[in-house]
Every structure is written in structure tokens, then in C-alpha cells.
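Trainee: Chains as they are written, first to last, in numbering that gives the first Met the number 0: chain D, 0 to 222; chain X, 0 to 109. Below is one structure. I have some questions about it.
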Amino acid sequence: MDITPQDIVFHIFAGVATVGSILVVFMANPIYCSFFLALVMSALGGLFFVLDAAFVAAAQIIVYAGAVMVLFVMVMMIFDLKKDSEDLTGFSPMTFLKIVFVGALCGVLMGVGWLASGATATPPVDLNEQKSVMIKNLSTAPTSAVTDAEDLKKEVVEITQNPQAGKDIFKDYSDTQKLSLKLFSKFVFAFEALSVLLLVAIVGSVALAKSRGGTHHGLKRPS
Amino acid sequence: MGSSVLHNFLKVGLNHYLLLSGLLFSIGVLGLLLRRNAIVILMCIELMLNAVNLTFVAFAKYGQNIDGQIMVFFVMTIAAAEASVGLAIAVAVFKRFKEVNISHFENLKG
Numbered sequence: 000m001d002i003t004p005q006d007i008v009f010h011i012f013a014g015v016a017t018v019g020s021i022l023v024v025f026m027a028n029p030i031y032c033s034f035f036l037a038l039v040m041s042a043l044g045g046l047f048f049v050l051d052a053a054f055v056a057a058a059q060i061i062v063y064a065g066a067v068m069v070l071f072v073m074v075m076m077i078f079d080l081k082k083d084s085e086d087l088t089g090f091s092p093m094t095f096l097k098i099v100f101v102g103a104l105c106g107v108l109m110g111v112g113w114l115a116s117g118a119t120a121t122p123p124v125d126l127n128e129q130k131s132v133m134i135k136n137l138s139t140a141p142t143s144a145v146t147d148a149e150d151l152k153k154e155v156v157e158i159t160q161n162p163q164a165g166k167d168i169f170k171d172y173s174d175t176q177k178l179s180l181k182l183f184s185k186f187v188f189a190f191e192a193l194s195v196l197l198l199v200a201i202v203g204s205v206a207l208a209k210s211r212g213g214t215h216h217g218l219k220r221p222s
Numbered sequence: 000m001g002s003s004v005l006h007n008f009l010k011v012g013l014n015h016y017l018l019l020s021g022l023l024f025s026i027g028v029l030g031l032l033l034r035r036n037a038i039v040i041l042m043c044i045e046l047m048l049n050a051v052n053l054t055f056v057a058f059a060k061y062g063q064n065i066d067g068q069i070m071v072f073f074v075m076t077i078a079a080a081e082a083s084v085g086l087a088i089a090v091a092v093f094k095r096f097k098e099v100n101i102s103h104f105e106n107l108k109g
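Below you can see the structure in the form of C-alpha cells.
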């Protein structure tokens, strides 16, 4: 198989994301950290485009690189960060231990990620393979997972009875319509629960920001 | 043989995305452990959540199941809520101590 343009785009965005995230960790000034984090998030948005997730990519750039990073920068603007002392931990045996731990974690994560899917490139499974896998899953599905099995059965029946429809299901894979149908049918309870969570977060952050001078009401402020 | 290995590395598959995501997550953990500025720590948490999002989307594509992309929306929402509450706490700490160093957090009681 040839190297496609998507592969080249992946390598560019992966390099940008890696270098940017290292700079997020090691930049002394938090403002630069936030700019590099915005860069990393934009690069990840580009990777989501490469992965046929156009709507998620747009949401990533609007929500993360837009809203969340603006929130960070705005909060930093009201701080006087010149005074912030001992930001990075000094070098000590504990620091060495931390770096060793993170190195081990990195090795495990990357090793599992590389080995779990085989060392060679694996293209997405095609339709016939997918169908056989689904039928196999259907026959071995435990009885407790009734809804999953029924979903699978419905999809398999749809594919087997109408091959054109089955092809369409996977052809329009990147479609936002499919995403929204699932979000508002199968995941509607989680969606509503998240809206309650957002309300709680709004009330909580307003209450925290309103309280004057932290939480020490009886104490005097150190000068 | 050597060019075949290089070709395998350049030809992007699911394992490349998992590799990148593991690397970004580890860098986020490193920042979480090494930095003492509360805002930069929040940023590192965002970085880790983003690495997880990349895994979700990669599996959504290579497993042909769109549920992974929906999980990404949930993670994004929770990350936004967490950032707003965390920054409110940082503002409260800054008002009190004129610094956002996490060594001050141990003095927050009640």
C-alpha cells in the first residue's frame, strides 16, 4: 500500500502535538503554556479530521482551542504571575522517582498501543468482514446484554435483507446525522445528565468566585 | 528490509494513534507531577483528557463504531465543567495568597 496524503498529514500533526505538549510542560511562563496547549488542541482537531470525525474536530477547535483556552488566558490575565516562585519542582530524589515513573508509564502505554493492534498498519475492516464479526458476536452474546444484542440483530437483519442499505450505513459513517441520531436516542439519558452537570458547574464556580478571599474567614490576609 | 520497516512506520494505522495518545498522556502526567502552578496543572489535565479523546476517535474509526465519537462529546463537556470549577478555585486561592502555587492548597480548610 502506498503512503497516502492522510498519512503525511498525520505525521505533521503528530509532531506538532508532541512538541507542543512538551513545551506546555516545560515553559516557565503560563501564558506561553496556554498558547502551546491551544496549538496542541488545534493539531488534535486536525487529527480528528483525518480520522473522518469532522464534527468532533469542529467541536474540538471551537470548545477547546476557543472557549476553554480563552477562559484560561482570561483567568491568567487577572493574576500577577511575576511573583510565582518555585514553579517547577527542584531536582531531588523525588523528582527523579517521578520521571522514572512517568517513563515507565509512557513505555507501558506506548508498548501496549503498538503491540495490541499489531506492528503493521491495519486498515479499517470492510463490510463483509464486519458483517461476519457481527453475526459471530450475535451468536455468542450473553443474554444479559439484551439491548446490545437486539441492536446488533437489527443491524445485521438490515444488512442481510437489504445490502444497499447496509452499504449506506457504513458509507455515511462520517455523517453528522448518524452521530446526532445516536446522541439523541441511545445516549439521551447521559446527554440530559450532562446538562445537569453543567448547571451544577456553573452554580459551583459562581459560588466559589463570589466568596471573598478564599475560605479563611477568621484569619487575616498575610501581607 | 530497512525500507519496509520505514514504510510500516510511515503507513498510519490504529497503532500510530494509540502510540501518539499514550505519549501525550504521559507528557500530561509528567507535567502534573513536576509543575507547581495550579493553572498549568489544570492545563496538563486537559492535555491528558485530549489524549484520551484521540484514542476514542481512533477506535471509532478503526472499529467502525460511532459510539466513540459520542464519548468524546461527553469528555469535552466534563473537561469544560472541570476547567471552570478548577479556575474558580484558583481565583479563590489567588485572592487569598496572591499566588496560585499548589503548596497553598494545603491551607484551605473548610
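No residue lacks a Cβ here, since even glycine has one placed at the ideal position from N, Cα and C. Remember, predicted model here, so these are calculated numbers, not experimental data.
Among the candidates D/Ser33, D/Phe48, D/Gln5, whose CA atom is the shortest distance from the CA of D/Asp174?
Mentor: D/Phe48
Trainee: Less than 9 Å between CB atoms is the rule here; does D/Gly203 satisfy it with respect to chain X?
Mentor: The beta-carbon of D/Gly203 is placed less than 9 Å from the nearest beta-carbon of chain X.
Trainee: Rounded to whole angstroms, what is the Cα-Cα separation between D/Ser33 and D/Val72?
Mentor: 7 Å
Trainee: In chain order, what residues of the same chain lie with their CB nearer than 8 Å to the CB of X/Gln68, ignoring the 5 residues before and after it?
Mentor: Phe55, Val56, Ala59
Trainee: Would you call the CB atoms of D/Tyr63 and D/Gly45 closer than 9 Å?
Mentor: no
Trainee: Can you tell which of D/Val15, D/Val24, D/Trp113 has the C-alpha that lies nearest to the C-alpha of D/Ser41?
Mentor: Minimum Cα-Cα distance from D/Ser41 among the listed residues D/Val15, D/Val24, D/Trp113 corresponds to D/Val15.
Trainee: Any idea if D/Ala66 is buried or exposed, counting beta-carbon neighbours within 10 angstroms, 16 or more meaning buried?
Mentor: So D/Ala66 counts as exposed.
Trainee: Name the residues in the stretch 81–107 of chain X whose C-beta lies less than 7 Å from a C-beta of chain D; which are they?
Mentor: Ala82, Ser83, Val84, Leu86, Ala87, Ile88, Ala89, Val90, Ala91, Val92, Phe93, Lys94, Arg95, Lys97, Glu98, Val99, Asn100, Leu107
Trainee: In chain order, which alpha helix (DSSP H) runs of at least 4 residues are fully inside the stretch 12–80 of chain X?
Mentor: 13–33, 37–61
Trainee: Identify the contact partners of X/Val56 in chain D, using a Cβ-Cβ distance below 7 Å as the criterion.
Mentor: Neighbourhood of X/Val56 in chain D, by CB distance below 7 Å: Phe47, Leu50, Ala52, Val55, in chain order.
Trainee: Would you report the Cα separation of X/Phe73 and D/Ile11, rounded to the nearest angstrom?
Mentor: Here the C-alpha atom of X/Phe73 lies approximately 28 Å from the C-alpha atom of D/Ile11.
Trainee: Strictly below 9 Å CB to CB, what residues from chain C border D/Val23?
Mentor: This model lacks chain C altogether; the protein chains it does include are D and X.
Trainee: So, are the CB atoms of X/Leu41 and X/Ala89 less than 9 Å apart?
Mentor: Yes.
Trainee: Looking only at its own chain, which residues have a Cβ that is under 7 Å from the Cβ of X/Leu13, when we skip the five neighbours before and after it?
Mentor: Ala57, Tyr61
Trainee: Could you pull the start and end residues of the alpha helix (DSSP H) that D/Asp6 belongs to?
Mentor: 4–25
Trainee: Here's the rule I'm using: 16 or more other beta-carbon atoms within 10 Å means buried, otherwise exposed. How should X/Ile38 be labelled?
Mentor: X/Ile38 is buried by the Cβ-count criterion.
Trainee: Can you list the residues of chain D that X/Leu22 reaches, using a CB-CB cut of under 7 Å?
Mentor: Within chain D, the C-beta atoms nearer than 7 Å to that of X/Leu22 come from Thr17, Cys105, Met109, in chain order.
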